[in-house]
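As they're listed, the protein sequences go chains A and B.
Per the UniProt record's numbering, residue 1 is the first one in the first sequence, and the count goes up by one each step.
Per the UniProt record's numbering, residue 1 is the first one in the second sequence, and the count goes up by one each step.
Presented below is the structure to which this report refers.
Number of protein chains: 2
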Amino acid sequence: MSLPPGTPATGPGDASAVAAPPADGERPSRPVPEATVSRLAVYLRVLGELREQGVETVSSEELAGASGVNSAKLRKDLSYLGSYGVRGVGYDVSSLQERLQAELGLDHRQSVALVGVGNLGHALAGYAGFAGRGFPVSALFDVDPALVGTEIDGIVVRHVGEIPEVCAAHDVTIGMIATPGPAAQGVCDLLVRGGVQSILNFAPVLLQVPDDVEVRKVDLSVELQVLAFHVARRHTAAGVALPGETNGSVVS
Amino acid sequence: MSLPPGTPATGPGDASAVAAPPADGERPSRPVPEATVSRLAVYLRVLGELREQGVETVSSEELAGASGVNSAKLRKDLSYLGSYGVRGVGYDVSSLQERLQAELGLDHRQSVALVGVGNLGHALAGYAGFAGRGFPVSALFDVDPALVGTEIDGIVVRHVGEIPEVCAAHDVTIGMIATPGPAAQGVCDLLVRGGVQSILNFAPVLLQVPDDVEVRKVDLSVELQVLAFHVARRHTAAGVALPGETNGSVVS
DNA sequence: CGATGTGAACAGGTTCACAGCA
DNA sequence: TGCTGTGAACCTGTTCACATCG
């Protein structure tokens with residue numbers, strides 16, 4: 001990692017040859033930072049709302065405000081996709097929306113497989129937010145014989161053993177793991193064998209995957225513990241205990 | 001495992017010269033970066049597993065590996081809490097575990113309220129991961145008359161109108177919002193009125209709250225879109241289409 | 001010796017402030 | 001004129017490398 005001084009990190013074609021095709025004037029297509037990607041999804045939702053309200057143009061100030069970020073950040077985020085705004089005016093809602101959808105790969109069909117249809121998984125299967133936003137769940141799996149064969153929202157639950165073939169057959173691009181912790185790694189391996197390269201993991205374990213597989217983790221108890229930290233911090237910061245605090249030990 | 005006498009506040013005017021209180025050798029207590037906090041929760045879980053296995057000591061290398069981070073980062077993270085390791089040996093599992101629990105506020109009782117017992121909320125209410133990790137859900141709310149009055153895991157669902165009083169009465173420290181988007185802000189206001197200062201929001205909207213309230217957001221469709229981005233990126237990076245893809249729009 | 005704890009270099013992301021264009 | 005697009009300063013967090021100590 002010893003880069004000599006002066007090595008331009010922003011140098012042309014430094015990452016894996018991006019080779020931006022000769023498209024028209026629009027496509028500087030710089031690397032697009034990770035942090036930016038997750039915000040693009042937020043902007044996209046807000047744009048959808050604006051469009052429903054009949055709004056045709058937004059300024060960076062407005063869009064940023066509605067998305068909960070600062071306007072300079074928004075402009076920089078959008079600048080990674082090229083120049084899609086009009087100086088002195090703002091951004092065209094519809095075309096920006098399309099541009100973002102394209103960038104996020106929503107113009108390709110994404111088909112999702114969900115493994116683990118217990119408590120949490122069952123809820124995820126029926127979560128309207130998915131189908132509504134272009135992520136139809138196309139396959140469900142579980143090990144429990146009592147669940148295998150049943151239908152949830154019109155989709156039959158299959159046995160986890162079928163994961164590899166079914167995922168391959170349906171070109172599943174995204175796998176969601178909502179199993180108990182101990183089962184997660186095994187399930188993950190099956191998904192990988194089925195060709196799935198993106199995994200959203202709800203199980204509280206660290207998944208081991210090949211380099212070309214992307215994993216994102218949603219850990220509810222971590223979220224709660226971070227909030228608990230802030231609660232505790234406030235107490236100490238505020239000096240004293242809050243009403244009714246008797247303290248006591250909590251078990252793991 | 002009681003806290004040492006006079007658990008000192010983290011320094012009144014902390015940002016500026018903290019003037020480390022006279023505590024004993026243990027308690028440099030520097031600011032603790034946000035990024036570090038969420039990792040502490042992960043270390044804590046791993047420590048729990050190690051302890052169950054009877055392990056009494058871990059090196060930074062081992063604990064880091066099991067937590068999915070690099071060892072230097074782990075040591076730096078722990079150093080914010082003071083010196084809890086032994087050079088040439090490692091960390092004592094039990095005492096580090098206790099130290100982390102204290103830091104994360106798990107030695108205070110955290111009581112959680114969940115609003116929205118629909119699809120997702122119902123699953124969250126029964127999620128074993130919560131109660132098991134020191135976050136018992138102590139109150140449930142919904143607007144749906146069909147749900148109000150029913151019981152879930154022994155807890156009665158109340159009407160959202162009761163949020164302020166019930167939260168205040170039960171000293172709820174953390175509120176979880178699992179309602180449809182349009183209802184979220186209203187519910188949030190009620191929680192705030194009930195004195196709740198930490199909120200975990202599952203609704204796809206930006207919540208407006210007073211400065212002293214901490215909000216964390218879990219947005220499933222954003223997670224999926226980020227994964228979709230990586231899927232798309234891989235295609236373009238890999239040069240061409242993946243099996244079964246005919247370019248342009250894909251159908252099943 | 002061996003692993004911790006940490007100053008210092010580094011990288012990534014954010015904010016500022018302003019040039020440039022419709 | 002007003003708002004976008006962006007270089008440059010800034011800041012937070014990560015990694016390195018080594019002095020330090022049980």
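The beta carbon of each residue, even a glycine, is placed where N, CA and C say it ideally should be.
Residue i and residue j closer than 8 Å at C-beta
i, j, result
"F130 (chain B)", "V157 (chain B)", "no"
"Q97 (chain A)", "R51 (chain A)", "yes"
"G194 (chain B)", "V172 (chain B)", "yes"
"V160 (chain A)", "V187 (chain A)", "yes"
"G85 (chain A)", "L78 (chain A)", "yes"
"I174 (chain B)", "L147 (chain A)", "no"
"V58 (chain A)", "G82 (chain A)", "no"
"F229 (chain B)", "V37 (chain A)", "yes"
"Q225 (chain B)", "A41 (chain A)", "yes"
"E62 (chain B)", "D92 (chain B)", "no"
Extent of the continuous alpha helix (DSSP H) to which residue i belongs
i, result
"E62 (chain B)", "S60 to S67"
"G165 (chain A)", "Checking the sequence, you will find Glu at residue 165 (chain A) rather than Gly. First-last of the alpha helix (DSSP H) with E165 (chain A): I163 to A169."
"G186 (chain B)", "G181 to R193"
"D77 (chain B)", "S71 to S79"
Which residues DSSP lists as bridging residue i, in chain order
i, result
"A139 (chain A)", "A:A113"
"N119 (chain B)", "Per DSSP, none; premise fails for N119 (chain B)."
"S91 (chain B)", "Checking the displayed sequence, the identity of residue 91 (chain B) turns out to be Tyr instead of Ser. Answer is B:V58 and B:G85, bridged to Y91 (chain B)."
"I155 (chain A)", "A:I152"
"K217 (chain A)", "A:N201"
Residues near residue i by beta carbon distance below 6 Å, same chain, minus five either side
i, result
"V218 (chain A)", "F202"
"Y43 (chain A)", "S67"
"V143 (chain B)", "V160"
"V166 (chain A)", "A139"
"V205 (chain A)", "G181 and A184"
"G118 (chain A)", "none"
Residues of its chain near residue i, where Cβ-Cβ distance is below 8 Å and the 5 sequence neighbours each way are ignored
i, result
"I155 (chain A)", "A125, V137, S138, A139 and L140"
"I163 (chain B)", "A113, V115, F141, V187, L190, L191, R193 and G194"
"H170 (chain B)", "S111, A113, S138 and A139"
"R233 (chain A)", "none"
Residue i versus residue j: straight-line alpha-carbon distance, rounded
i, j, result
"L104 (chain A)", "G48 (chain A)", "15 Å"
"V213 (chain A)", "V231 (chain B)", "9 Å"
"L207 (chain A)", "I199 (chain A)", "10 Å"
"N70 (chain A)", "S94 (chain B)", "43 Å"
"G54 (chain A)", "R30 (chain A)", "31 Å"
"L120 (chain A)", "M176 (chain A)", "11 Å"
"H108 (chain A)", "A184 (chain B)", "31 Å"
"residue 258 (chain A)", "S60 (chain B)", "Limits of chain A in this structure are 1 at one end and 252 at the other, which puts residue 258 (chain A) out of reach."
"S221 (chain A)", "G65 (chain A)", "30 Å"
"Y127 (chain B)", "T236 (chain B)", "39 Å"
"A72 (chain A)", "A168 (chain B)", "40 Å"
"V46 (chain A)", "V32 (chain A)", "20 Å"
"K76 (chain A)", "R39 (chain A)", "11 Å"
"G181 (chain B)", "A238 (chain B)", "38 Å"
"P145 (chain B)", "D211 (chain A)", "50 Å"
"G134 (chain A)", "G88 (chain B)", "53 Å"
"D223 (chain A)", "E223 (chain B)", "First, the residue type needs correcting, since residue 223 (chain A) is Glu and not Asp in the sequence shown. Taking the straight line from one Cα to the other gives about 15 Å."
Where the beta strand (DSSP E) containing residue i begins and where it ends
i, result
"G175 (chain B)", "I174 to I177"
"E34 (chain A)", "No beta strand (DSSP E) holds E34 (chain A); the alpha helix (DSSP H) holding it covers E34 to E52."
Cβ-based neighbour list, residue i, same chain, cut-off 7 Å, excluding 5 preceding and 5 following
i, result
"H122 (chain A)", "I152"
"T179 (chain A)", "V115, G116, V187 and A203"
"R99 (chain A)", "L81 and Y84"
"T150 (chain B)", "V157"
"L106 (chain B)", "G134"
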